[in-house]
Structure formats: structure tokens, C-alpha cells
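Quick notes on the structure that follows.
There are 4 protein chains.
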Amino acid sequence: MTAASTPKGERRKQALIEAAAQLLAEGGFGALRHRAVAERADVPLAATTYYFDSLDELITAAVRYTAEQELNYSRSRLERITEGEHATEAVIELVLDAVLGPAPSSEGLERTLLRYEGLIATSRRPYLAPVTKDLGRQLHSLLSEIFARTGRPLKDDRVRQVLALVDGAVVGALIESNPDPRQAARVMLASALAGE
Amino acid sequence: MTAASTPKGERRKQALIEAAAQLLAEGGFGALRHRAVAERADVPLAATTYYFDSLDELITAAVRYTAEQELNYSRSRLERITEGEHATEAVIELVLDAVLGPAPSSEGLERTLLRYEGLIATSRRPYLAPVTKDLGRQLHSLLSEIFARTGRPLKDDRVRQVLALVDGAVVGALIESNPDPRQAARVMLASALAGE
Amino acid sequence: MTAASTPKGERRKQALIEAAAQLLAEGGFGALRHRAVAERADVPLAATTYYFDSLDELITAAVRYTAEQELNYSRSRLERITEGEHATEAVIELVLDAVLGPAPSSEGLERTLLRYEGLIATSRRPYLAPVTKDLGRQLHSLLSEIFARTGRPLKDDRVRQVLALVDGAVVGALIESNPDPRQAARVMLASALAGE
Amino acid sequence: MTAASTPKGERRKQALIEAAAQLLAEGGFGALRHRAVAERADVPLAATTYYFDSLDELITAAVRYTAEQELNYSRSRLERITEGEHATEAVIELVLDAVLGPAPSSEGLERTLLRYEGLIATSRRPYLAPVTKDLGRQLHSLLSEIFARTGRPLKDDRVRQVLALVDGAVVGALIESNPDPRQAARVMLASALAGE
DNA sequence: TATGAATGAGTCTTCATTCAT
DNA sequence: GATGAATGAAGACTCATTCAT
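Chains as they are written, first to last, in the working numbering: chain W, 1 to 196; chain L, 1001 to 1196; chain B, 2001 to 2196; chain E, 3001 to 3196.
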């Protein structure tokens, strides 16, 4: 569907979601306010409550949008796996891409952080639970497929372990203000998958 | 130091910190407001800004206080390790106690959650970094000692891995709204330490 | 006139009026909002301003509709007066029915309240004056007829007095949160008509 | 207590109440908004919620203040009753003063209206019930005393009847857009007390 | 003729922080 | 040193009304 063929209402709604997603990445959940989103999206303040019944709904949409962007990227990445990527190092990068998003750019840390912020925030914002859970499931099956396609199928429990290792490594890196959590996760994955 | 010998100012400050720590555990960072803390501590509203230049300072103190409580508990727990606790299952419980706090009571989940909330929040609140980093180091050495004392010394990297596994397991459990993150971590640790 | 023969516009207008009348009874004048009326009538929001130039017009229509319903009921009630109802007690009930609506059902209080709310509101909403005045006149003549038909014709001033007594009794009951204003009015009427 | 000796806070609170009472008289309950009150009292907007936890509280205070002003006037009026006022006509005026406030000035109608608006509003605003009830009792005893002091003691029921008659007359006048409800009540009272 | 979409103005309320005492 | 009083700025949300189609 091209921009021209998208109804204006849909486009506006989408603009709001994208503005909210940006703010979420930049400033976390605390930065999501009607005013801020409206200004960022360059729409009147009242449009925010016109398109979303409450701020919670907008937040939910932004979280879902962000995560789906990541998943889409990872899925398309999965299509392009070549024979050459069956090596352990290559698989590790695929996993990191899937969990943390594409290799670190300037905004890399922000995106990584957001994943964990969202997860934690869910505990205090029960309305996010369905989204978070759903997204979690999708990530799990994505990981499964990565391993399956690269010639080393893993049982669900083992997939969960891999995911936990990545998540734990990142959280640990965050604690130490380590500027490269991806590298921390890479190291741990390497050691964990060594025997595989 | 008895109550009588503690200057009033110090006592008030401490009361504020404890009140803030309570609110932090109950409602997360978003629940920390001057008014709420003052009411909980039963001090005048203005005392909150009198004893702490800003809300941030108070938050920092509350985070430090909370974490130190946890570490103290873990350290004292370490003293009481018996021969019988050298079995793998016992060590796992020691580790879980150290990282997540004492075995789950009614408020168990809250404490666990707070650990990760605090870690994540640090990324958005740079002023928390020193506290978080310091506490992270202390936890690391605590874990090292647990393994050393139970007859299975671990290299730093391996300790980091164990910690990552626990953290990752908990985060994963949180995603799935799993009400017992401790159990999730227990399972993963068991499988990871099996060969040890 | 059957539904089929009623132009769509007329039917919609009527649906709006009835929805507004319902809301008026349930929540008073303050509860009348475009959105609420449209939802209750199950018509598009914009229909409310399409069929009524302003909210005031819609309110007026709702007030008139409500009062006319009451009067219709009372008039039909009047038709069915039997010989046996010539006793004072019976006449009192007729009067109460006429002024306050049919004997209290679950929604009895609401209807009663609405009468006085409407009267008072008129002072602040001059556009209601014609409706209110007209309805007042009709009620007066209804009362006159009740007395005439039951064998005790009353002069206009006396009718006015009776009406005042009922109104005053109800208002008084409302002050005391008396849940049965009808009974209060009954008692007063009884004592006032004793000598008649 | 002079203005100088009144603490500033009390004076402000009082200013807010008086501003609210004015607005109440001028525009009814619907006119009572934070902004309007603050502007009228010439205080910052936030002062309205500083002195009154909610708008409801402020409304309640305004209602009570208004009614108490009326009662005070009536009570002081009662002190000054002379022998000459024992005539029925004089007593009637005393009653009208007590119920409706001092004889009509330019703002006479407004004050009269407010009494009934307040009463009716109570049904939709339960938080006003205590105030309304209390004020009702005071008015009742005031009326009793008027009759007692002018040599014609009345039983409670009879007092209630007199009050109902006045209230009913006023409501009736309001229906007819009669600009002089006081006169309507006067006429009815005269006829009712004729035999006394 | 209808109506979906839109919005400016306004609603009540909260809160970190300042300041006079 | 301590605090009651105060407030500017902002928060989420509502609503009558307009207008392009």
C-alpha cells in the first residue's frame, strides 16, 4: 500500500505511533506524554486522544510497533542466510541480531536498552503483558528457526537457555555501564555454544 | 548508636530513605514523589527537599539502601554455610539468595523485580551509575566467595556467566508473566552447573 | 404512522430525543452531552448537531418530550376515574399521580427529581421558559379537572395552593434526603384537604 | 477578628469561598470551575486546589457559606422584632425574610433561586447532603422561633407545612417566570395563616 | 443529505521546587 | 535549622462544534 493510497486517518495514526516509538527509545516510558508525542508527530494535541482512547493504548501500540520492527528485520535477515553462515561465529551474530536488533549503530544502545526496559515495565503496566508475551513467543520461534536452518536444531529448553544467556549478559553489561553489551553477549554465547 | 545519641537530622534523613525504599519496592521509580515519601516517613513535606537537594538524590540514597540491605543479608547468609550445603542444590539456593534476595515471601516478587528495574533505570538516570556499578562488583565477589567456600572455585568469567544466567532467566520469566522467576533461574542454574 | 412511513430523518430525531430524555432522567442536565446522546441513540455523533442546531435545542426537545409523556399518562389516568375514587384519599392519589408521575417504581424518585430539576434549570436556561410555562399551564388545568370530576370544584387560587403544597412538600423531602417525597406530599395534602 | 489579625491563609481561603459563592449565585453550580473561582478571587489557579482538596470541597464550602449568611441575617433580624410586628402581615414578612433572604433587591431573584438550586443539586451531589440537611434544620428552628416570639407557637408539622407552602409558591412562580416569587409566597401564606 | 474526522479551548488535578519566616 | 505556604508548569482527558466530502 503506497502512501497515496493509505487513508489519511491511518497515516496519522501511524505517525503518532512512530513518534511515540521514537520518544520511547530516546527517553523511556517516562518520556511518553500526550504533549510530547503530538509535538513530535506534528499533530494537534487532541489528535492523540482522538486516535488512541488513552495514553496506555498509545504506549502499547508503540511497544508493539518497535518490537515488530525488530522482528521483521530479523525475519528478513533469516531469509538471506547463506551456507557460509553455518559457522558458529555467524550463528552467534544471527542470534544477536534477532534479540538485540541489527549490529550497533549510533543508536544501537538505545534499541538494546529498550528491549529490557519494555520487559521490566510490563510488570508495572499489566496492560502491556499480552503484547510482551506475544512478542516473546515470536522471538523464541525465530531463534529456534535460526538454529534449525544452520544445521544445529535445539530443543525448546536449550533455546530458552540461549536467550537467557544473552539477556543476562546484556543486563550485566548495563550494570557495569559497559558500552558494548553486544560484545558481552557474544562472548558468553561463544563459550556456551562451544561444545554444540 | 542509640536513638538518643543520633542527631535528629540524621534520624530524619534515615526515615526518609527507608520510606523511599519502601515506595520504590511497592510502585517502582514512578511512585517516588516528594509528597508520598514525606507522608510515608511522617515528616513535613519540605523536609524532603531540605535533607536532599533534589528528588534524584533521594532516589539514589533509596536505591543504595535497598541494595545494601540485600547484600548484608547475603553476607550474613554466607557466614552460616555448613558442610552440608556443599551439594549442588544447596549452592544453587545460596546463589539465588544472593542475587534475588531471600527465598520468596509474599513480597518476594517485588524485591526481585526491583533489582532489574533498578538496573534498567540506571541507563536513563546516569546519576545512579556509581551506585549500581559498586553494588554489582560487591555481588560478583559475593558469588565468587560462595563458590570458593563450597569447594568449587570459579574463574571470574564463569562467575559472570552464572550471574548472567540467573539474570536472563528472571528476565525471561518476567516476560512470560511467570509468577516464579526464582524457579526458572533454579532450573537453568542446575543445568548449567551439572557438569561442574 | 408506521415506522416504514416515517421519514428516516424524523425517526432519527425522535430517537435522539428519547435518548436525551433517558439521560436527563438518569443524570440530570449535566449528563447531557453530544457523545452520550449519540451513543445511547445509536446514531453517528454528527447526527446530534445535524438534527439539532445546538445542544440547547436538543435539551429543550428532551424536556418537552419528558413532560408530555407525564401529562399524557395523567390525562389517560383521568379518563379512568371511577365513582369509587371520589373519596379524598383517592383524589389525593390522583393529584400525586398528576404532579409527580405514576406511583413510585424503582425509577420513581428519578422522575420526581427531574420535575424540579427542570423547573430550577429553567431559571438558568431562558430558552426553556416557553416549554416550562406551557407545561405548567397544562398541569394546572389537569388538576382543576381532577377536582371538578370528583365533585369538589376548586377555584384557580386554591388549585395553585394545592400544587404549591405538593411542590413544597417534595422539595422539603429532598432536603432531608427523605427517600419517599410522595408520602410527604400525601400527608400535607391530606391535612390541607381535610376541611374540603 | 480584624483583617489584620486573620492569618493570611485563612483570608485566602475565605476569599476563595466568597468568590465561589458569588459565582454560584450568578451562574449556578455549572459556573463553579477552578479557573473561574481563582480569577474572581484573584489568586493563582493552583491555590484553589491547595486550599481545597477538590472542587467538591470548595462547592460545599460555598453552599454552606451562602446559606449561613442568610441564616445569620435572619437570626439578627429576629433579635429586632418589635411588638408592632406581631400582626400577621409582619410575621409573614419575617418568614419570607427567613426563607428567601432579605426583601428583594436587584439581586433578590438570584438569591432566592439559589436556595432551590442548592436543594435540587443535592440529589445529584450526595456530598452536599450533610450541609443541606443541617441548614434545613436550622431554618426550621428559626421559623419555629419566629412564630413562638410573635405569640402564635406552631407545632413542628405546622411549621413544615408553612415552609412547604413558601417553597411550593416559589417553585410555582419560577415555572411561570413570575418575576416576583416573594409576592406569590406572600399571598399563599396570608391565606394559609388567615385562620391562625 | 449525512457523517467521519478533526481540533481549540477548556476540565480537574498533580508536583517539584522555592521562599519567607 | 526547619517548615508551612505557595505556585508555575505540566499532566491526562473531554467536549461542543466545524467542515470536507
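Built from N, CA and C at the ideal position, the CB exists for glycine as well.
Just so it is clear, the structure is predicted and the values come from calculations on it, not from any experiment.
Annotated as distal: residue 10 of chain W and residue 1123 of chain L, with beta-carbon spacing of 9 angstroms or more.
Under the three-state reduction of DSSP output, residue 2102 of chain B falls in the coil class, being neither helix nor strand. Comparing alpha carbon positions, the residue from W/193, W/70, W/178 closest to residue 142 of chain W is W/70. CA-CA distance, residue 1132 of chain L to residue 1115 of chain L, rounds to 10 angstroms. When C-beta distances to chain E are compared with 8 angstroms, the residues of the segment 2140-2171 of chain B below that value are 2157, 2160, 2161, 2163, 2164, 2165, 2166, 2167, 2168, 2169, 2171, in chain order. Linking residue 1152 of chain L to residue 1145 of chain L through their CA atoms gives a straight-line distance of about 10 angstroms.
In its chain, beyond the 5 residues on either side, 1043, 1047, 1051 have a beta carbon closer than 7 angstroms to the beta carbon of residue 1012 of chain L. For residue 2052 of chain B, the secondary structure class from DSSP, reduced to helix, strand or coil, is coil.
Judged by their CB atoms, residue 94 of chain W and residue 78 of chain W are nearer to each other than the 9 angstroms cut-off. Distance from the CA of residue 3179 of chain E to the CA of residue 2040 of chain B, rounded to the nearest whole angstrom, comes to 38 angstroms. With distances taken between CA atoms, residue 1177 of chain L lies nearest to W/130 out of W/175, W/130, W/148, W/66.
Neighbourhood of residue 2033 of chain B in chain E, by CB distance below 8 angstroms: empty, with the nearest CB roughly 13 angstroms away. In this structure residue 3172 of chain E does not touch residue 2158 of chain B by the C-beta definition: roughly 13 angstroms separates them, more than the 8 angstroms allowed.
Listed in chain order, the alpha helix (DSSP H) elements of length 4 or more contained wholly in the segment 38-99 of chain W are 45-51, 55-79.
Contact check for residue 1020 of chain L and residue 1062 of chain L: beta-carbon distance about 4 angstroms, within the 8 angstroms limit, so the pair qualifies. From the listed residues L/1038, L/1033, L/1148, L/1186, the smallest Cα separation to residue 1014 of chain L is found for L/1038. Contacts between residue 2116 of chain B and chain E, judged by CB atoms closer than 9 angstroms, involve 3116, 3119, 3120, 3123, 3171 in chain order. Rounded to whole angstroms, the gap between the alpha carbons of residue 2165 of chain B and residue 3188 of chain E is 10 angstroms. For a Cβ distance threshold of 9 angstroms, residue set 3120, 3123, 3124 of chain E lies close to residue 2113 of chain B, ordered along the chain. Shortest Cα-Cα distance from residue 3028 of chain E to any of E/3181, E/3186, E/3112, E/3185 involves E/3112. Within chain L, 1175, 1176, 1177 have C-beta atoms less than 8 angstroms from the C-beta of residue 133 of chain W, given in sequence order. Short of 8 angstroms from the beta carbon of residue 2192 of chain B, and not among the five residues preceding or following it, lie these beta carbons of its own chain, in chain order: 2161, 2162, 2165.
Per DSSP, residue 126 of chain W is not a residue of any alpha helix (DSSP H), being assigned neither H nor E.
With a cutoff of 9 angstroms on beta-carbon distance, residue 68 of chain W and residue 128 of chain W are scored as not near each other.
Nearest CB-CB separation between residue 2101 of chain B and chain E: not below the 9 angstroms threshold. Take residue 2075 of chain B, set aside five residues on each side of it, and the residues of its chain with a beta-carbon closer than 8 angstroms to its own are 2142, in chain order.
Using a CB distance cut-off of 9 angstroms, residue 2129 of chain B counts as an interface residue toward chain E. When rounded, the separation of the alpha-carbon atoms in residue 2154 of chain B and residue 2120 of chain B is 27 angstroms. Boundaries for residue 2152 of chain B: no alpha helix (DSSP H) harbours it, and the DSSP string shows neither H nor E there. Residues of chain W whose Cβ lies closer than 7 angstroms to the Cβ of residue 1084 of chain L do not exist, since the nearest Cβ in that chain is about 29 angstroms away.
The Cβ atoms of residue 125 of chain W and residue 56 of chain W lie closer than 9 angstroms to each other. Nearest neighbour of residue 3034 of chain E by Cα position, chosen from E/3058, E/3026, E/3018, E/3022, turns out to be E/3058. Residue 2031 of chain B and residue 2100 of chain B have their C-alpha atoms roughly 22 angstroms apart.
Within the same chain, Cβ atoms closer than 6 angstroms to the Cβ of residue 25 of chain W are found at 110, 114, the five residues on either side in sequence being excluded. Considering only B/2088, B/2138, B/2156, B/2148, the residue with the shortest C-alpha distance to residue 2186 of chain B is B/2088.
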